[in-house]
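**Student:**
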Amino acid sequence: MTTSKGPCNLWLPHHWRVILLVLLFIPSLILLLEICWPAQQRQDDVRLSPHGGFDGDKSHHGSSPKNDSNPTVNLVMATLLEDDISWTESLDIPNLNIIRYVSDSMEAEYHPPVPHKGREALIYHTYLHDFYDKLPDISIFIHADESPWHVETILNSSMTFALSHLDLDQVLQRQYFNLRVSWVAACPNWINTTKTVGQSTKKEEPYMHEAFSENFATNQVPEILGGPCCSQFAVTRDAVRRNPQSQYRMNMDWLVQTDWSDYISGRVWEHMWPWLFENKAVDCAVEWKAYCRMYHICFDSETRNRMTSLEEEKMELQNASLLDELKDLFSGFKAKKRLDEINAIIAAEVEVALERGKSEAARMELLSDLYNS
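Here's what the structure looks like:
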């Protein structure tokens, strides 16, 4: 067999060629780690403080909304035993009661009827059933992470930030509010309940018709379901009690008894909360209005257009294939630098928007219709 004689074969021994390849591979690996490292780590230098303003800037902190009604609040957390929820100690919300459910410990004070079933959905329904007669004004349902991927950059990728800025008076008026606002992979028509396994690329979509029918005991299943993901929301006592307590027991039993995987049984519920509490198949508030009304982050029209462009550019950079990054180290470093620049710009714009949102007049302009732009 004839051996190819490229430039390296002509003047480098075999072991030196191996060493050279290793030396070339190491920078690529370092670059990949930089690019793939969680966004939380990449954004440390541009993060806002939980209450507004940049970290370390004590002179320019925004303030959390003042809630005239001073409602009682339960923060219901779906956790595992190993989760660290110490970040909740910094939450400055009056009348806040933290109720931690632990999915994998039947010895915990609050736990679902069986472990590792239905993800957060079983925990939420267990709470709704067990606390039905002793609900606070507002119950807020969240996961254990302080900075989950699905909390938007505009919300500082931070649950502390989001919860600290959430206008609870507006929650009382609206009665149900999904904490995530973004329409990405959500609105206005993300789920089609008529799709079959061969027709859908979304893992839970082929199961939605059956899940909806069985959980609401109906054959009248909406064709389209839409709303921001990802099972973190606030709901009022009145909205919960629009359903009889038996509704939540039925949903608990379904989650426990289904043969579907934990992933699918929990995931289908991400798309059914609006129907449960609002009788709405599609709940897609205009994004910039929701940020202003619910979080007091109010962008002017020019800034809204710029933020949209920045978010689109950021998504394109983050979705760049790993193979492309390996092929061109320089492009990888350039992309990471641009991502940091975008995060810094967004953080600065959010700070300005928080200042604008302090004006009740600016916010009131948006209160007439949250669903029309």
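One point on numbering: in our numbering, the residue at position 219 of the sequence shown is 893, and numbering is uninterrupted. Note that the Cβ used here is the ideal one computed from N, Cα and C, for glycine as well.
(1) Using the Cβ count rule (16 or more neighbours within 10 Å means buried), how would you classify E879?
(2) Please check the pair N889 and M946, which I expect to be a contact at CB under 8 angstroms, by giving their CB distance rounded to whole angstroms.
(3) Who are L846's beta bridge partners in DSSP?
(4) Distance, Cα to Cα, A913 vs F951?
(5) What does the alpha-carbon distance come out to for the pair I767 and S838?
(6) What are the boundary residues of the beta strand (DSSP E) that H817 is part of?
(7) Three or more C-beta pairs closer than 8 angstroms, one from the segment 894-913 and one from the segment 804-822: is that the case here?
(8) Between which two residues does the beta strand (DSSP E) holding I938 run?
(9) Just how far apart, CA to CA, sit E783 and Y775?
(10) Quick check: is the beta carbon of E794 nearer than 7 angstroms to any beta carbon in chain D?
(11) Are P789 and I797 closer than 7 angstroms when you measure CB to CB?
(12) Report the rounded CA-to-CA distance for L899 versus M751, giving the unit in angstroms.
(13) Under 7 angstroms Cβ to Cβ from N744, same chain only, skipping five residues before and after it: list those, please.
(14) Where does the unbroken alpha helix (DSSP H) through F886 begin, and where does it stop?
(15) Taking DSSP as the reference, what is the three-state secondary structure of T868?
(16) Would you identify the three-state DSSP class for N744, choosing helix, strand or coil?
(17) Starting from V914 and walking both ways along the beta strand (DSSP E), at which residues does that stretch end?
(18) Where do the N-terminal and C-terminal ends of the alpha helix (DSSP H) with I797 fall, by residue?
(19) Taking just the CA atoms, how far does L1044 sit from E1034?
(20) Out of curiosity, what's the CA-to-CA distance linking E985 and T868?
(21) Would you kindly work out how many angstroms separate the C-alpha atoms of L755 and D819, rounded to a whole number?
(22) What does a CB cutoff of less than 7 angstroms around K1037 pick up in its chain, not counting 5 residues either side in sequence?
(23) Could you give the residue range of the beta strand (DSSP E) that holds Y1045?
(24) Would you list the one or two residues that DSSP bridges to F907?
(25) If you draw a straight line from the C-alpha of M981 to the C-alpha of I1020, how long is it?
(26) Name the DSSP bridge partner or partners of I898?
(27) Could you check where the beta strand (DSSP E) with V776 kicks off and where it finishes?
(28) Quick one: using the 10 Å Cβ neighbour count with 16 as the cut-off for buried, is Y937 buried or exposed?
**Tutor:** Per the coordinate set shown:
(1) For the purposes of this step, residue 879 is taken as residue 205 along the sequence shown, with counting starting at 1. Buried, since its Cβ has 16 or more Cβ neighbours within 10 Å.
(2) Counting from 1 along the sequence shown, the entry for residue 889 is found at position 215. Counting from 1 along the sequence shown, the entry for residue 946 is found at position 272. About 7 angstroms; that satisfies the 8 angstroms criterion.
(3) Taking the first residue of the sequence shown as position 1, residue 846 is located at position 172. Checking the DSSP bridge columns, you'll see L846 has no partner listed.
(4) On the sequence shown, position 239 is the one that residue 913 refers to. On the sequence shown, position 277 is the one that residue 951 refers to. The alpha-carbon atoms of A913 and F951 are separated by roughly 5 angstroms.
(5) Reading the sequence shown from its first residue, position 93 is the one you call residue 767. Reading the sequence shown from its first residue, position 164 is the one you call residue 838. In this structure, the CA atom of I767 is about 7 angstroms from the CA atom of S838.
(6) Position 143 of the sequence shown, counted from the first residue, corresponds to residue 817. Unbroken beta strand (DSSP E) run through H817: 812-817.
(7) The segment 894-913, when compared against the segment 804-822, does touch it at the 8 angstroms Cβ threshold.
(8) Your numbering for residue 938 matches position 264 in the sequence shown. From DSSP, I938 is part of no beta strand (DSSP E) but of the alpha helix (DSSP H) over 936-943.
(9) Within the sequence shown, numbered from 1, the residue matching residue 783 stands at position 109. Within the sequence shown, numbered from 1, the residue matching residue 775 stands at position 101. Spanning the two alpha carbons is a distance of roughly 8 angstroms.
(10) Here there is only one protein chain, and chain D is not present.
(11) Taking the first residue of the sequence shown as position 1, residue 789 is located at position 115. Taking the first residue of the sequence shown as position 1, residue 797 is located at position 123. No, Cβ-Cβ distance for P789 and I797 is not below 7 angstroms.
(12) To locate residue 899, count along the sequence shown from 1; it is residue 225. To locate residue 751, count along the sequence shown from 1; it is residue 77. Approximately 25 angstroms, taken between the alpha carbons.
(13) Walking along the sequence shown from the start, residue 744 turns up at place 70. Beyond the five residues adjoining it in sequence on each side, N744 comes within less than 7 angstroms, by CB distance, of P768, N769 in the same chain, given in chain order.
(14) Numbered from 1 along the sequence shown, position 212 holds the residue referred to as residue 886. It spans 882-889 - the alpha helix (DSSP H) in which F886 sits, taken as one unbroken run.
(15) Reading the sequence shown from its first residue, position 194 is the one you call residue 868. T868: coil per DSSP, three-state reduction.
(16) Residue mapping note: residue 744 aligns to position 70 of the sequence shown, counting from 1. It is coil, neither helix nor strand.
(17) As a working mapping, residue 914 is identified with position 240 in the sequence shown. V914 -> not in any beta strand (DSSP E); alpha helix (DSSP H) instead, spanning 911-914.
(18) Translated into positions along the sequence shown, residue 797 becomes position 123. Where I797 is concerned, the enclosing alpha helix (DSSP H) stretches over 793-804.
(19) Along the sequence shown, one-based indexing puts residue 1034 at 360. Along the sequence shown, one-based indexing puts residue 1044 at 370. The C-alpha of E1034 lies about 16 angstroms from the C-alpha of L1044.
(20) As a position in the sequence shown, residue 985 is number 311, starting the count at 1. As a position in the sequence shown, residue 868 is number 194, starting the count at 1. About 32 angstroms.
(21) Reading the sequence shown from its first residue, position 81 is the one you call residue 755. Reading the sequence shown from its first residue, position 145 is the one you call residue 819. Those two C-alpha atoms are separated by around 13 angstroms.
(22) The residue labelled residue 1037 in the question sits at position 363 within the sequence shown. One detail in the question is off: residue 1037 reads as Arg in this sequence, not Lys. Residues of the same chain with a CB within less than 7 angstroms of the CB of R1037, apart from the 5 flanking positions on each side, are C966, R967, H970, C972, G1031 in chain order.
(23) Counting from one through the sequence shown, the residue named residue 1045 turns up at place 371. Counting along the chain, Y1045 falls outside any beta strand (DSSP E), and DSSP gives it neither H nor E.
(24) By 1-based counting over the sequence shown, the position of residue 907 is 233. Beta-bridge pairing links F907 to F815, N852.
(25) Sequence index remark: in the sequence shown, residue 981 carries index 307 (1-based). Sequence index remark: in the sequence shown, residue 1020 carries index 346 (1-based). Going by the C-alpha atoms only, they are around 7 angstroms apart.
(26) Position 224 of the sequence shown, counted from the first residue, corresponds to residue 898. Per DSSP, the beta-bridge partners of I898 are N866.
(27) One-based indexing of the sequence shown puts residue 776 at position 102. Here the beta strand (DSSP E) through V776 covers 770-776.
(28) By 1-based counting over the sequence shown, the position of residue 937 is 263. So Y937 counts as exposed.
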